[in-house]
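Student:
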Amino acid sequence: MESTKTKTATSEGKTIAIIAYLTIIGLIIAFLMNNDQKDAFVKYHINQSLGLALTGLGLGIIGIIPIIGWLINIIGIFILLYMWIMGLINAINDKKKPVPLLGKKYEVWFKNI
């Protein structure tokens, strides 16, 4: 009986981790849903998704700068898209693995959240 309960909690955690990667609203919903349970797997993916969102915000701010900012923004968006897809795939496959390039930094920067 206990193993079924653990499997359900893991399945729910996986669902919440996936939701964290689906838009900023999904990130907020995942954060609120995990606020009660404090699942480490979900927290990890919320932190990775938060890092991606803040990186996207930073790219948007850089994109305001004419010409060089636009180029950095366009290249950065493609890199960010790749990082987001890899993070989503990791959540779907139950892997607690950082997103490429900045994932290790996100672990350090958001460890207290």
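For what it's worth, the working numbering labels the leading residue of the sequence shown as 282, then goes sequentially. Built from N, CA and C at the ideal position, the CB exists for glycine as well.
1) Under 8 Å by Cβ, that's how I've got M367 and P381 pegged, so tell me the actual separation to the nearest angstrom.
2) Indicate the three-state DSSP secondary structure (helix, strand or coil) for Y363 in the structure shown.
3) Going along the chain, which residues of its own chain have a beta-carbon closer than 8 Å to the beta-carbon of Y363, five neighbours each way excluded?
4) Return helix, strand or coil for Y302, following the three-state DSSP convention.
5) Over what stretch of residues does the alpha helix (DSSP H) that includes I343 continue unbroken?
6) Apart from the five residues just before and just after E283, which ones in its own chain have a Cβ nearer than 7 Å to its Cβ?
7) At which residues does the alpha helix (DSSP H) containing K392 begin and terminate?
8) Give me the Cα-Cα distance between N354 and S292, rounded to the nearest whole angstrom.
9) Quick check: W351 and Y302, are their CB atoms within less than 8 Å of each other?
Tutor: On the basis of the supplied data:
1) By 1-based counting over the sequence shown, the position of residue 367 is 86. By 1-based counting over the sequence shown, the position of residue 381 is 100. The pair is a contact, with the Cβ atoms about 6 Å apart (cut-off 8 Å).
2) Numbered from its first residue, the sequence shown carries residue 363 at position 82. Shown here, Y363 sits in a helix according to DSSP, grouped into three states.
3) As a position in the sequence shown, residue 363 is number 82, starting the count at 1. Excluding sequence neighbours, Y363 sits near P381.
4) As a working mapping, residue 302 is identified with position 21 in the sequence shown. Coil, per DSSP.
5) The residue labelled residue 343 in the question sits at position 62 within the sequence shown. Counting along the chain, the alpha helix (DSSP H) containing I343 begins and ends at A321 to I343.
6) One-based indexing of the sequence shown puts residue 283 at position 2. Low local confidence applies: a pLDDT of 41 at E283 is under 50, so the model's placement there is unreliable, and no value is given.
7) Stepping through the sequence shown from its first residue, residue 392 is reached at position 111. Going by DSSP, K392 is part of no alpha helix (DSSP H) at all; its letter is neither H nor E.
8) The residue you call residue 354 lines up with position 73 of the sequence shown. The residue you call residue 292 lines up with position 11 of the sequence shown. Each residue's CA atom was taken as its position, placing N354 and S292 some 36 Å apart.
9) Here the question's residue 351 lines up with position 70 in the sequence shown. Here the question's residue 302 lines up with position 21 in the sequence shown. In this structure, Y302 does not lie closer than 8 Å to W351 by Cβ.
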